[in-house]
Amino acid sequence: MGKPVTVDIPHNLGKEEAIRRLKNGFGQVRSSFGDKFAVLQDDWTGDHLDFQASLLGQKTNGKVDVADDHVHLEVELPWMLAMLADKAKALVKKQGQLMLEKPVKK
Numbered sequence: 090m091g092k093p094v095t096v097d098i099p100h101n102l103g104k105e106e107a108i109r110r111l112k113n114g115f116g117q118v119r120s121s122f123g124d125k126f127a128v129l130q131d132d133w134t135g136d137h138l139d140f141q142a143s144l145l146g147q148k149t150n151g152k153v154d155v156a157d158d159h160v161h162l163e164v165e166l167p168w169m170l171a172m173l174a175d176k177a178k179a180l181v182k183k184q185g186q187l188m189l190e191k192p193v194k195k
């Protein structure tokens with residue numbers, strides 16, 4: 090059985106800009122982490138993202154909801170990674186903040 094990891098990341102970008110930065114950030118995460126992290130599927134519907142990823146060879150599912158002032162992310166970690174949930178939560182929050190804070194080239 091997996092363990093859910095939930096992260097809320099505040100921002101002051103507004104919903105549309107936050108979505109734009111997250112969409113761009115997912116592409117950068119793919120190249121930054123190489124084969125350790127791979128987004129297998131990402132489906133945006135408005136301000137909601139459903140995704141499937143591979144983390145250290147383990148498949149995981151997650152979702153992201155973008156609001157005007159924060160991003161809410163939930164990831165279901167496979168049992169093999171559940172023991173690393175606290176570290177994973179900190180990493181996810183840091184990466185999310187970096188995606189939202191860094192200015193993105195248009």
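To get the working numbering, take the position in the sequence shown, counting from 1, and add 89. Backbone N, C-alpha and C define an ideal beta-carbon position, used for all residues, glycine too. For clarity, every value in this text was computed on a predicted model and none was experimentally measured.
- Note on geometry: alpha-carbon atoms of R109 and L129 lie some 19 Å from one another.
- Among the bridge pairs identified by DSSP, N150 is matched with Q141 and E165.
- In the DSSP assignment, L102 falls outside any beta strand (DSSP E) and carries neither an H nor an E.
- Counting C-beta atoms within 10 angstroms of its own C-beta, A179 has fewer than 16 neighbours from the protein chains shown and is therefore classed as exposed.
- Remark: C-beta atoms of L166 and T149 approach each other more closely than 7 Å.
- In the DSSP assignment, D131 falls within the unbroken beta strand (DSSP E) covering F126 to T134.
- A distance below 7 Å separates the beta carbons of P99 and H159.
- In this structure, the CA atom of K152 is about 15 Å from the CA atom of G91.
- In this structure G185 is buried. Its beta-carbon is surrounded by 16 or more other beta-carbon atoms within 10 angstroms.
- A distance below 7 Å separates the beta carbons of V96 and L162.
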